[in-house]
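**Student:**
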Amino acid sequence: LVEEVSAAALKRVIAWQIAETMKLQRVTKTVLAERMHTSRTAVDRALDQDDPGMTLATLASAARALGQKVEVRLVPETTIERA
-11 LVEEVSAAAL
-1 KRVIAWQIAE
9 TMKLQRVTKT
19 VLAERMHTSR
29 TAVDRALDQD
39 DPGMTLATLA
49 SAARALGQKV
59 EVRLVPETTI
69 ERA
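Here is the structure:
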């Protein structure tokens, strides 16, 4: 369950970052769809942060269409010591 929540949160953050990059670059969903060789509806679904079907592959494709890349990395877990 924790992993599913973490994955969903990660996808939401990436979708938000893509939307922000689109604003900065003044790229519309229609233009992004053309760059991704897909439909605007598919872009809408990809950027819908509540869509459980949103995949990292689709988000990575959107990022590439904006000249960006998605980077996921492993970092050590930190433990919080309780006093």
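Reading the sequence shown from the start, the letters are residues -11 to 71 in my numbering. By construction, the Cβ of each residue, glycine as well, lies at the ideal position given by its N, Cα and C atoms. This structure is a prediction, so every number in the text was calculated from the model and none was measured.
Using a 10 Å radius around the Cβ and a threshold of 16 neighbouring Cβ atoms, would you call Ser49 buried or exposed?
**Tutor:** buried
**Student:** For Ser(-6), name the three-state secondary structure that DSSP assigns.
**Tutor:** helix
**Student:** Provide the residue span of the alpha helix (DSSP H) that contains Ser27, from first to last.
**Tutor:** Here Ser27 belongs to no alpha helix (DSSP H), and DSSP marks it neither H nor E.
**Student:** Would you mind sorting Thr46 into buried or exposed? The rule is 16 or more other CB atoms within 10 Å of its CB.
**Tutor:** Around the beta carbon of Thr46, 16 or more other beta carbons lie within 10 angstroms, which makes this residue buried.
**Student:** Mapping DSSP to helix, strand and coil, what is Met42?
**Tutor:** coil
**Student:** Looking at the structure shown, is Val1 part of a helix, part of a strand, or coil, going by DSSP?
**Tutor:** The answer is helix: DSSP assigns Val1 an H, G or I state.
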